[in-house]
Structure formats: C-alpha cells, structure tokens
Amino acid sequence: MSRIDLHLHTTYSDGSLSPREVLARANAVGVTALAITDHDTTDGLQEAFDAGGHLGIEVIPGMELSSQWNGEEVHILGYFINWQDETLQRQLEGLRSSRRVRMIQMLAKLREQGMALRYQDLRSLAGTSVIGRPHLAQLLLKQGYVRSIREAFDRYLTRGSPAYVPRDLPEPAIVMSWIRAAGGVPVLAHPRWGPDRTESLFQQCERLKEDGLRGLEIHYSTHHPQQVSRLLSIARRLNLLVTGGSDFHGETKPGIEVGTGFGTLSVSPALLPPLRKAAVHP
Ligand code: AMP
Ligand code: MN
Ligand code: MN
Ligand code: MN
C-alpha cells in the first residue's frame, strides 16, 4: 500500500539519521512522498532532494517552527516553502541563535551544580546549528552525569527542573506569517488538548485559522482512532486541510518508524494534492 509521511527529522536538527538515511528507510516501507520538517532549518533539504531523486520519492520542502501561546508551545509545520527565500533564512537564523543562547544559559545552570560541561562540546556533539535539549541530554549521558536520556530530562532538563530555561518564542501568528510570506502552507503539528487548556482545541484552531493556519496534522504516531475522528470533525467544521506524519527522530524518539509510526500509522497520498494547491505560488 502506498503511503506518505509529512513529518520527519534528521541530523540537521535533533534527529539521529541523515536525510539520505531517512529516505532509505522511507523507500523500504513504500513511502512515495515525504516532507523533511527539521526544527528551525532547511539545511537538510538539498541532500533529501538528491536522495529522493535517486529513489523516485517526492520530497516536499518543509520545516517545523515552535511558537508560544498562553504559556504553551504550539508547533507549526510549513510545507512547500520557498526554502531559499532570504528573508525566511534570516528568520530561521534568528530562531537558531535564540536556541543557542538558551542552551548556554542551561549549561551555566548545570555548571553551577558542579558539572564540568562546555558549550564547545555541546556544539560539536550536536553537529548542527540547531541545538536542543536532546543534545544536552546526550552530553550529560556521554559525560556520565546521568544513566539515560530520560534521566537527563527528568532530573535536569524538563520544564520546572533545576537547569530548565524557557525558550523565548514568537507567537503562532508570527511564524505562520513567515511561512505564508515564503509561499508555504502553515499546519498545526500534533494538536493536543489537556485538562490545563483554557480554551478548547476547536477555539484554538479557529483563532489560529484567523492568523493564517491552513491545516491540521491529524494522522500522527500517537493519535488513537477517537482522537483522529475528533480532529477530523474540527477540520471539517473549520475547512482546514488534513495532513499526517510520524515525527520520526530515529534514536532520539525510539519506537517511531518512518511511514508507520508505532506500527499502525498510514497517511494517504490523497492528502497531498490539496496541500500542494494551498501553497502560495508567485
Ligand atoms: P527543545 O527544542 O530544546 O526545547 O527540546 C525539545 C525536544 O526535547 C522535543 O523535541 C522532545 O523530543 C525532547 N523532549 C522533551 N521532553 C523530553 C523527555 N522527557 N524525554 C525525552 N525527550 C524529551
Ligand atoms: Mn525534535
Ligand atoms: Mn513538535
Ligand atoms: Mn517534530
């Protein structure tokens, strides 16, 4: 059965496989089209296009940007972006540089607690300019301060723990305007709702739509059927596009596979034409 996967990370952000390796996995499970959606960078796209060209897999230029609304993180995927747009690249560099500042602040807090950690080592371990907490967790593990990535998060890195520093993130309206200006389609990644929500997911989507949102990532590794059907009804009511992807990270998120997520994910190629149509062509 043919399938697509519109949410994939590589070593260009916090994934553990290169774009070439991700494309090889995709090929092995019958993925016919995919989007590379690294955090705050498009640097992996050229390698993905090259590999896709060889394998006959369509590669859609994408990215995932974090934003903040009412104290919560809202992740926005951008599809069919003109990734060489200079303004977009400047905006992405701004996001990457604020990540680096935050990592330096978190390192300082860990050092205050007696850990001999250097930014230089974090930087070379990450091997990319998109440095995130998963990289810091790896450094703590490598230097023997924790026994697992999970312990690194639980003890030091998760929100509210001793070394945590919040990221200063733009509002969703801002990052969606960047995506639109670069010709892309803004989609809400892994929509969630919890008991702490002050407004319903429907209302949130309605507000985001006013600010430029065009679609919802409804098919997702962790979504169970009831969640999918609730999300489909929200998309129908708001006339939003439906997308889907695994959020594959390789070893960074064990258990999630390209194309199939935890085993039951299957995203239909039929979702692609409407998404393509929604892109802003010059
Ligand atoms: P950052 O972008 O630097 O804030 O890091 C966020 C990333 O950390 C997310 O993509 C998650 O995959 C990862 N993450 C967050 N919490 C945990 C956790 N408790 N265990 C493992 N990974 C986590
Ligand atoms: Mn990630
Ligand atoms: Mn996300
Ligand atoms: Mn993601």
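Under numbering that gives the first Met the number 0, read the sequence shown as residues 0 to 281, first letter to last.
Quick reminder that beta carbons are idealized off the backbone N, C-alpha and C, glycines included.
These numbers come from a predicted model, not from an experiment.
Residue i, enclosing beta strand (DSSP E) - first and last residue
i	result
Trp68	57–68
Ile80	Where Ile80 is concerned, there is no enclosing beta strand (DSSP E), given that its DSSP letter is neither H nor E.
Gly244	240–244
Ile255	Looking at the DSSP string, Ile255 is not in any beta strand (DSSP E), and its letter there is neither H nor E.
Leu116	Here Leu116 belongs to no beta strand (DSSP E), and DSSP marks it neither H nor E.
Outcome for residue i when other beta-carbon atoms lying within 10 angstroms are tallied against a minimum of 16
i	result
Leu187	buried
Thr10	buried
Val129	buried
Val41	Note that residue 41 is Thr in the sequence shown here, rather than Val. By the 10 Å Cβ count, Thr41 comes out buried.
Glu46	buried
Phe152	buried
His53	exposed
Pro253	exposed
Ser228	exposed
Gln225	exposed
Ser245	buried
Per DSSP, cross-strand counterpart(s) of residue i
i	result
Ala289	With the chain covering only 0 through 281, there is no way to say anything about residue 289.
His74	Ser65
Glu209	Paired residues: none, contrary to the question.
His38	Glu63
Tyr219	Gly244
Leu187	Ile75, Leu215
Val266	Ile3
Boundaries (first-last residue) of the alpha helix (DSSP H) holding residue i
i	result
Leu138	132–141
Arg19	18–27
Selection from the options that minimises the alpha carbon distance to residue i
i	options	result
Ile103	Pro165, Gly143, Arg146	Pro165
Ile56	Ala27, Asp167, Ile75, Thr40	Ala27
Ile217	Ala50, Leu264, Asp13, Asp153	Leu264
Leu64	Arg229, Ile173, Leu138	Ile173
Thr36	Asp13, Pro224, Val30	Asp13
Ala180	Leu94, Ala234, Ser1, Trp82	Trp82
Val145	Arg206, Leu76, Met114	Met114
Ser15	Pro268, His248, Gly126	His248
Name all residues in chain order for which at least one heavy atom of ligand 4 lies closer than 5 Å to the residue's CB.
-> Glu63, Asp246
Sequence-ordered residues whose beta carbon comes within less than 5 Å of a heavy atom of ligand 3: His74, Ala188
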